[in-house]
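Let me begin by presenting the structure, written as structure tokens, before commenting on it.
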Amino acid sequence: MTFRGIAVAAFAVALAGCGGEAPGAEAGLTNPVIEERHDNFEGIGDAFKAIRGQLEQESPDFSVIQANAEDINQRAGNIEQHFVEETAREAGYDTEALAAIWQKPEEFASATQKLIDTSAALVEAAGGGDPAAVGAAVKEMGGSCKNCHDQFRYDDEA
Ligand code: HEC
Numbered sequence: 237m238t239f240r241g242i243a244v245a246a247f248a249v250a251l252a253g254c255g256g257e258a259p260g261a262e263a264g265l266t267n268p269v270i271e272e273r274h275d276n277f278e279g280i281g282d283a284f285k286a287i288r289g290q291l292e293q294e295s296p297d298f299s300v301i302q303a304n305a306e307d308i309n310q311r312a313g314n315i316e317q318h319f320v321e322e323t324a325r326e327a328g329y330d331t332e333a334l335a336a337i338w339q340k341p342e343e344f345a346s347a348t349q350k351l352i353d354t355s356a357a358l359v360e361a362a363g364g365g366d367p368a369a370v371g372a373a374v375k376e377m378g379g380s381c382k383n384c385h386d387q388f389r390y391d392d393e394a
């Protein structure tokens with residue numbers, strides 16, 4: 237085998253090691269809606285990080301918390317439209333969205349509504365400026381992320 241041949245073979249082995257463990261991961265189908273929902277969830281994740289960052293400060297800026305809660309609330313309203321077309325991990329798409337989303341649409345809608353409600357409650361609490369109430373509202377909202385992820389998002393650490 238030439239040097240080049242060895243290098244290519246090693247690369248193939250490295251690639252095989254990356255994808256194999258997940259259901260449907262080999263196919264890696266793509267769909268523009270997956271990109272949109274990734275971007276939306278990234279935005280939700282960044283806003284949540286900003287909120288938690290404020291809570292670690294000695295005197296949190298509640299207006300920053302409020303603005304980020306508003307952002308999450310708005311993005312939560314986008315979630316539904318990103319899951320109309322069935323594009324589940326089990327069907328070979330490059331996504332962490334589980335088929336359960338389309339098998340249990342009512343539960344998924346209610347998990348989405350929970351984030352809409354808890355983020356709205358956080359907007360309100362942040363407006364009030366009571367640190368204990370804000371802390372409790374952030375915890376509630378965080379619980380709504382976990383509630384949905386536990387049921388509907390593929391967990392590669394499980
Ligand atoms: C109604 C269900 C639901 C709720 C509520 C929810 N998520 Fe997710 N989240 C998902 C799903 C499904 C994915 C996987 C999307 C994909 O891979 O296509 C995801 C992915 C993500 C990602 C990875 C970004 C990506 O798509 O690559 C982050 C970060 C994230 N969520 C953060 C959050 C945070 C923070 C909250 C709460 C403030 C939250 N999510 C609430 C369902 C939800």
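FYI, the numbering for the sequence shown is 237 to 394, going by our numbering.
Virtual Cβ for every residue (Gly too), placed ideally from N, Cα, C.
Who are residue i's beta bridge partners in DSSP?
| i | result |
| --- | --- |
| R389 | A333 |
| L265 | Y329 |
Decide if residue i is buried, meaning its Cβ has at least 16 other Cβ atoms within 10 Å, or exposed.
| i | result |
| --- | --- |
| S295 | exposed |
| V320 | exposed |
| R288 | exposed |
With C-beta atoms as the reference, is residue i less than 8 angstroms away from residue j?
| i | j | result |
| --- | --- | --- |
| S355 | M377 | yes |
| V269 | T348 | no |
| F298 | A362 | yes |
| A305 | L358 | yes |
Pick from the options: whose alpha carbon is nearest that of residue i?
| i | options | result |
| --- | --- | --- |
| C381 | A361, I280, D297 | I280 |
| G364 | I301, T266, I315 | I301 |
| D275 | I315, G379, D353, E343 | I315 |
| G379 | E360, I352, D366 | I352 |
| L398 | A312, G371, A333, K350 | Residue 398 cannot be examined here, being either before or after the span of the chain that is shown, 237 to 394. |
| Q218 | F277, E342, E332 | With the chain covering only 237 through 394, there is no way to say anything about residue 218. |
| K350 | A333, Q293, A312 | A312 |
| E393 | E332, K340, Q339, E360 | E332 |
Measuring straight from C-alpha to C-alpha, what distance separates residue i and residue j?
| i | j | result |
| --- | --- | --- |
| N383 | Y390 | 13 angstroms |
| K285 | Q387 | 22 angstroms |
| T266 | I337 | 18 angstroms |
| D330 | G264 | 5 angstroms |
| R325 | H318 | 14 angstroms |
| F344 | A303 | 26 angstroms |
| V385 | D366 | Checking the sequence shown, residue 385 turns out to be His, not Val. About 29 angstroms. |
| P341 | L334 | 12 angstroms |
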